[in-house]
Each structure stands twice: as C-alpha cells, then as structure tokens.
Ligand SMILES: [Zn+2]
C-alpha cells in the first residue's frame, strides 16, 4: 500500500497503487482538459468524461473514480466552443 513510484506530486494517496486491480479505487490518470472560450479550463474525468469543478480533487464527483494527477501537467487540452 505504501509503494511509491516517484509520482503523485499532486498528493493523491492512491497514486502508487498498481493499475487494474480495482478500477474505481485505483487511480486513473487525468489526461484531458477542456478549455472553453472564456479561458476557463476543466479537467475531464477519465472514466465518465464529465468535467470537474476543481482540479486535484481525489475522486470524481460523478462516478467516484479515484483520480491521478501526476501526469496532469502533460494533459491534452481540448478546445470547446
Ligand atoms: Zn467520473
């Protein structure tokens, strides 16, 4: 449980869990950000694709997926109208 891969700069405590064990409790990396015309940016849940109000939240409000933010700095920005 306390394994550390050297990631998890955002502090998600589940970050070091191995992938695929239990998909909800194991973090999924956030890899997409929607950018709207007004300049606001919203991270996108990798499971249910809903946009999240806050960055670096540990779990998705909608589906409860545990989120990994270690690679968020390299997330793809998708422009939205
Ligand atoms: Zn979700």
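Residue numbers (our numbering): 1 to 81. The C-beta atom is built at its ideal place from N, Cα and C for all residues, glycine as well. This one's a predicted model, so the numbers in the text were calculated from it and none came from an experiment.
Check: Hey, how far is the Cα of residue 80 from the Cα of residue 29?
Finding: 21 Å
Next item on the list: Report the rounded CA-to-CA distance for residue 44 versus residue 32, giving the unit in angstroms.
Entry: 5 Å
Notebook entry, point to check: Going by Cα to Cα distance, which pick from 36, 50, 39 is closest to residue 67?
Noted result: 50
Check: Rounded to a whole number of angstroms, what is the C-alpha to C-alpha distance between residue 26 and residue 53?
Finding: 21 Å
Note to self: What would DSSP say about residue 62, mapped onto helix, strand or coil?
What the structure shows: coil
Note to self: With H, G and I counted as helix, E and B as strand and the rest as coil, what does DSSP make of residue 68?
What the structure shows: strand
Notebook entry, point to check: Candidates 41, 47, 78: which alpha carbon is nearest residue 65's?
Noted result: 47
Checklist line | N-terminal and C-terminal residue of the beta strand (DSSP E) that residue 52 is part of | finding: That residue, residue 52, is in no beta strand (DSSP E); it is neither H nor E in DSSP.
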